[in-house]
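Here is the structure we will look at.
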Amino acid sequence: MAPQRAGQPPINDQRARLMAATYESWGRYPAARQSAARIAWRHATPYPQTENGQSVLPYGNGRSYGDSCLNDGGYVVDVRGLDRFIAFDETTGILACEAGVLLSDILRLTVPKGWFLPVTPGTKLVTLAGAIANDVHGKNHHRAGTFGCHVRRFELCRSDGQRMICSPTENPDWFAATIGGIGLTGIIMWAEIALKPVAGPLVDVEIVRYADLEAFMSLAADSDQDFDYTVAWFDCLARGSALGRGVFMRGNHAEIPAPDRRRKDGGLSVPFKPPINLLSGIMVRAFNYAYFHRAPAQARRLRQDYDPFFYPLDKINRWNYAYGPRGFVQYQCVVPFDGGVQTMRTLLDKVAASKRGSFLSVLKCFGDVASPGMMSFPRPGITMTMDFGFDGAPTLKLLDDLDALVSDVGGAVYPAKDARLSARHYKQYFPKWEQFADFVDPQHSSGFWRRVMGAN
Amino acid sequence: MRHVMIVGASSAIAEAAARCFAGDGDRLYLLARDEKKLESIAADLRVRGADKVDFQIFEANAFDSHDAVIAAAAESLGGLDTVLIAYGTLPEQSACEADYVVTLEAMTTNALSVISLLTRLANRFESQRQGTLAVISSVAGDRGRKSNYVYGTAKSAVSTFLDGLRNRLYGSGVNVVTAKPGFVDTPMTASFDKGLLWAQPEAVGRGIHRAIVRGKDVVYLPGFWYLIMLIIRHIPETVFKRLSL
Numbered sequence: 001m002a003p004q005r006a007g008q009p010p011i012n013d014q015r016a017r018l019m020a021a022t023y024e025s026w027g028r029y030p031a032a033r034q035s036a037a038r039i040a041w042r043h044a045t046p047y048p049q050t051e052n053g054q055s056v057l058p059y060g061n062g063r064s065y066g067d068s069c070l071n072d073g074g075y076v077v078d079v080r081g082l083d084r085f086i087a088f089d090e091t092t093g094i095l096a097c098e099a100g101v102l103l104s105d106i107l108r109l110t111v112p113k114g115w116f117l118p119v120t121p122g123t124k125l126v127t128l129a130g131a132i133a134n135d136v137h138g139k140n141h142h143r144a145g146t147f148g149c150h151v152r153r154f155e156l157c158r159s160d161g162q163r164m165i166c167s168p169t170e171n172p173d174w175f176a177a178t179i180g181g182i183g184l185t186g187i188i189m190w191a192e193i194a195l196k197p198v199a200g201p202l203v204d205v206e207i208v209r210y211a212d213l214e215a216f217m218s219l220a221a222d223s224d225q226d227f228d229y230t231v232a233w234f235d236c237l238a239r240g241s242a243l244g245r246g247v248f249m250r251g252n253h254a255e256i257p258a259p260d261r262r263r264k265d266g267g268l269s270v271p272f273k274p275p276i277n278l279l280s281g282i283m284v285r286a287f288n289y290a291y292f293h294r295a296p297a298q299a300r301r302l303r304q305d306y307d308p309f310f311y312p313l314d315k316i317n318r319w320n321y322a323y324g325p326r327g328f329v330q331y332q333c334v335v336p337f338d339g340g341v342q343t344m345r346t347l348l349d350k351v352a353a354s355k356r357g358s359f360l361s362v363l364k365c366f367g368d369v370a371s372p373g374m375m376s377f378p379r380p381g382i383t384m385t386m387d388f389g390f391d392g393a394p395t396l397k398l399l400d401d402l403d404a405l406v407s408d409v410g411g412a413v414y415p416a417k418d419a420r421l422s423a424r425h426y427k428q429y430f431p432k433w434e435q436f437a438d439f440v441d442p443q444h445s446s447g448f449w450r451r452v453m454g455a456n
Numbered sequence: 457m458r459h460v461m462i463v464g465a466s467s468a469i470a471e472a473a474a475r476c477f478a479g480d481g482d483r484l485y486l487l488a489r490d491e492k493k494l495e496s497i498a499a500d501l502r503v504r505g506a507d508k509v510d511f512q513i514f515e516a517n518a519f520d521s522h523d524a525v526i527a528a529a530a531e532s533l534g535g536l537d538t539v540l541i542a543y544g545t546l547p548e549q550s551a552c553e554a555d556y557v558v559t560l561e562a563m564t565t566n567a568l569s570v571i572s573l574l575t576r577l578a579n580r581f582e583s584q585r586q587g588t589l590a591v592i593s594s595v596a597g598d599r600g601r602k603s604n605y606v607y608g609t610a611k612s613a614v615s616t617f618l619d620g621l622r623n624r625l626y627g628s629g630v631n632v633v634t635a636k637p638g639f640v641d642t643p644m645t646a647s648f649d650k651g652l653l654w655a656q657p658e659a660v661g662r663g664i665h666r667a668i669v670r671g672k673d674v675v676y677l678p679g680f681w682y683l684i685m686l687i688i689r690h691i692p693e694t695v696f697k698r699l700s701l
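First to last, the sequence lines map onto chains A and B.
Numbering of the first sequence is given in my numbering, commencing with residue 1 and proceeding in unit increments.
Numbering of the second sequence is given in my numbering, commencing with residue 457 and proceeding in unit increments.
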């Protein structure tokens with residue numbers, strides 16, 4: 001009842017028990033129980049006094065889908081209390097802020113002043129440190145690379161009390177290991193990023209329906225020349241000659257100023273936890289059909305706000321609850337351009353044969369802008385994202401089958417979205433894992449890390 | 457543009473309210489015990505649009521310093537028209553029962569130091585004939601109950617003092633706001649089981665800012681606490697004394 005904020009709140013059993021259930025990942029699978037320590041001050045040590053030397057993992061806004069943000073049996077350090085700006089230079093677009101600041105907070109501050117995120121994922125409800133730790137990418141990967149390409153420096157705190165400023169020139173090896181290092185190298189306390197100039201909050205968008213995978217590839221090749229942002233939603237239920245058909249979206253920031261009339265974020269909400277998966281079977285079928293046919297056959301142009309273009313799902317709070325109590329898994333892979341269409345066809349055939357639909361399926365061509373991150377996921381090629389309501393062994397079997405194909409062609413799978421990848425495939429996808437392991441803080445671990453370092 | 461002094465500026469609720477003032481382009485003077493925290497908050501408020509942010513270390517129970525602190529704030533901001541008093545401690549009830557010294561400390565910090573500040577501020581505001589004095593009290597002050605009646609007594613004293621002050625300063629055009637939050641999810645209350653009644657400090661801070669801007673008298677935050685406390689206050693004492701609250 002009293003308003004007060006303690007600098008380093010002591011950890012105790014009672015709190016650990018009460019807070020254990022409240023930390024989950026966005027896919028809500030797998031379940032994990034961990035103690036939590038909340039931090040609020042960047043000058044204070046972020047590490048809790050663990051009783052039995054349990055491991056620690058920083059936790060942001062919980063938008064990772066699988067277990068890379070969970071630490072079953074250990075601690076999470078919740079950094080959302082680190083939500084302060086530090087400095088913003090309106091003439092250069094250089095912004096420094098604390099680890100737990102959300103990308104939505106950044107946009108709210110900077111768009112009215114003519115600056116936008118250099119790279120943004122499909123949700124703005126992620127923390128700055130989470131965006132770095134997962135080296136997130138967006139619809140402009142072919143132009144701008146990953147989020148890590150625009151990070152100028154950050155402070156990394158280690159469990160031995162050491163604090164390091166990391167940049168391309170200062171502690172560059174730690175800089176490289178921490179970008180895409182999924183919270184394992186230490187705790188990021190604050191970071192400085194370079195924003196990009198925009199005239200206002202609007203985006204000029206073109207939406208065009210396409211017939212099959214080849215059509216997607218040629219649209220992507222054309223569009224990537226003239227558009228900063230390109231992405232396609234595809235109909236995961238189309239078979240045969242229509243395989244991969246979908247709706248291509250491309251856009252550029254509009255070059256006209258306009259007032260930024262943003263009110264409260266959110267809006268609709270899944271108000272309770274439904275007892276069943278609402279996004280299965282007929283719903284997926286109906287949605288995919290409608291989404292494809294709603295789009296015009298001829299390219300349609302519109303000018304819209306950045307929110308519906310970049311963050312359509314942020315309009316619905318807790319949309320992940322719609323998948324029911326068992327949650328869902330997301331699968332995002334990238335396969336090389338060489339033979340890529342054939343590989344995609346095989347992957348999509350596999351999914352179709354499993355009779356498992358994905359509500360939202362996305363295709364995008366990654367470019368060749370290199371990330372500074374040692375363990376960064378994006379690499380040149382075609383990337384595909386699908387999500388599946390989790391129903392146990394059959395889901396896991398399907399994704400293992402997809403991994404067999406992806407690893408054969410030298411592709412990779414995105415850890416931020418993963419809940420089930422095998423150690424063998426992980427090590428193939430991320431061949432620098434041994435080098436990376438040297439940078440992992442001895443007190444840090446995660447569900448994901450224990451799994452992919454396991455013996456299977 | 458407001459010239460705002462916030463006492464206890466490092467509390468989660470005060471910080472949330474301060475961000476609203478910063479967003480309005482106001483000038484802020486922050487007081488709290490920890491200089492590092494003040495530095496972090498001040499930098500944030502500057503980025504968020506505050507016209508000016510200054511701060512000073514402050515010890516609530518150093519009553520003799522109160523006049524100087526108020527003068528320093530007014531000088532730094534070029535005037536003083538809004539004050540938010542937001543600090544407080546949550547004493548352990550059982551410790552208060554065991555030792556009067558603990559109770560005395562709680563009363564000194566939560567009631568007497570606030571009254572000391574308000575006494576000085578009231579005279580200043582009365583003579584300048586404008587401004588807003590806002591204090592975070594608590595629903596706990598509305599009725600004593602066994603789980604935290606020492607804290608409740610201090611908050612009750614503050615609420616009653618504010619009622620009188622509001623009455624006295626009305627004619628001078630000075631507004632007095634009593635903010636009564638319910639349960640707020642701050643790091644300090646992390647060990648409590650959070651039910652539906654718990655609010656986020658951001659929402660409570662925004663509510664306080666709104667109450668100040670709109671010139672309210674007494675606000676419960678969130679608003680549903682008005683109804684809860686209406687019921688609690690009207691339970692007959694013969695019944696209330698038997699309850700375990």
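Even glycine gets a Cβ: it sits at the ideal position worked out from N, Cα and C.
- By the criterion of at least three beta-carbon pairs nearer than 8 Å, the stretch 378–389 of chain A is not in contact with the stretch 152–168 of chain A.
- Residue environment analysis places PRO259 (chain A) among the exposed positions, since fewer than 16 neighbouring C-beta atoms fall within 10 angstroms of its C-beta.
- For TRP115 (chain A), not one C-beta of chain B is nearer than 7 Å to its own C-beta.
- Distance from the Cα of LEU156 (chain A) is smallest, within the candidate group A:GLY240, A:TRP233, A:THR45 and A:LYS124, for A:THR45.
- What ARG42 (chain A) touches in chain B, judged by beta-carbon distance under 7 Å, is SER496, going in chain order.
- Chain A has a Cβ within less than 7 Å of the Cβ of ALA499 (chain B).
- Between PHE439 (chain A) and GLY27 (chain A), the C-beta gap is not smaller than 7 Å, which leaves the two residues out of contact.
- Using a Cβ-Cβ cut-off of 7 Å, ARG84 (chain A) counts as an interface residue toward chain B, since at least one Cβ of chain B sits closer than that to its own.
- Around the C-beta of ILE188 (chain A), 16 or more other C-beta atoms lie within 10 Å, and the residue is accordingly described as buried.
- Residue contact with chain A for VAL669 (chain B): absent (no Cβ-Cβ distance below 7 Å to any residue of chain A).
- Look at the stretch 64–91 of chain A: the residues with a C-beta under 8 Å from a C-beta of chain B are GLY81, ARG84, PHE85, ILE86, ALA87 and PHE88.
- With fewer than 16 neighbouring CB atoms inside 10 Å of its own CB, THR575 (chain B) falls in the exposed class.
- Within the same chain, and ignoring the five residues on either side of LEU701 (chain B) in sequence, the residues whose Cβ sits closer than 6 Å to its Cβ are ARG601.
- Measuring C-alpha to C-alpha distances from VAL79 (chain A) to each of A:PHE359, A:PHE430 and A:TYR47 identifies A:TYR47 as the nearest.
- Comparing alpha carbon positions, the residue from A:TYR414, A:LEU402 and A:TYR23 closest to PHE377 (chain A) is A:TYR414.
- Distance from the CA of LEU560 (chain B) to the CA of SER603 (chain B), rounded to the nearest whole angstrom, comes to 17 Å.
- Of B:VAL558, B:ASP641 and B:MET563, the smallest CA-CA separation from TRP654 (chain B) is found for B:ASP641.
- VAL632 (chain B) is outside the set of residues whose beta carbon lies under 7 Å from a beta carbon in chain A.
- With a contact defined as Cβ atoms closer than 8 Å, GLN586 (chain B) and ASP537 (chain B) qualify at about 6 Å.
- Contact of LEU109 (chain A) with chain B by beta-carbon distance below 8 Å involves VAL503 and ARG504.
- Proximity of LYS493 (chain B) to chain A, defined by a Cβ-Cβ separation below 7 Å, is satisfied.
- Contact between GLU471 (chain B) and ALA465 (chain B) holds, with the beta-carbon distance rounding to 7 Å and staying under 8 Å.
- ALA194 (chain A) is bridged by DSSP to A:ILE94.
- Under the three-pair Cβ rule at 8 Å, the stretch 671–681 of chain B counts as touching the stretch 627–637 of chain B.
- Taken atom to atom, the span from the alpha-carbon of VAL334 (chain A) to that of TYR229 (chain A) is near 18 Å.
- In the structure shown, the three-state DSSP call for LEU125 (chain A) is coil.
- In the structure shown, the three-state DSSP call for ILE182 (chain A) is coil.
- Linking ILE282 (chain A) to MET453 (chain A) through their CA atoms gives a straight-line distance of about 39 Å.
- In this structure, GLY100 (chain A) lies near LEU82 (chain A), with their beta-carbon atoms less than 7 Å apart.
- Counting along the chain, the unbroken alpha helix (DSSP H) around THR395 (chain A) starts and ends at 393–408.
- In this structure, the straight-line span from the alpha carbon of ILE94 (chain A) to that of PRO312 (chain A) is close to 27 Å.
- In this structure, DSSP gives LEU540 (chain B) an extended state, which the three-state scheme calls strand.
- In the assembly as shown, ASN623 (chain B) is an exposed residue. Its beta-carbon has fewer than 16 other beta-carbons within 10 Å.
- Within the model, the alpha-carbon separation for TRP449 (chain A) versus MET375 (chain A) is close to 13 Å.
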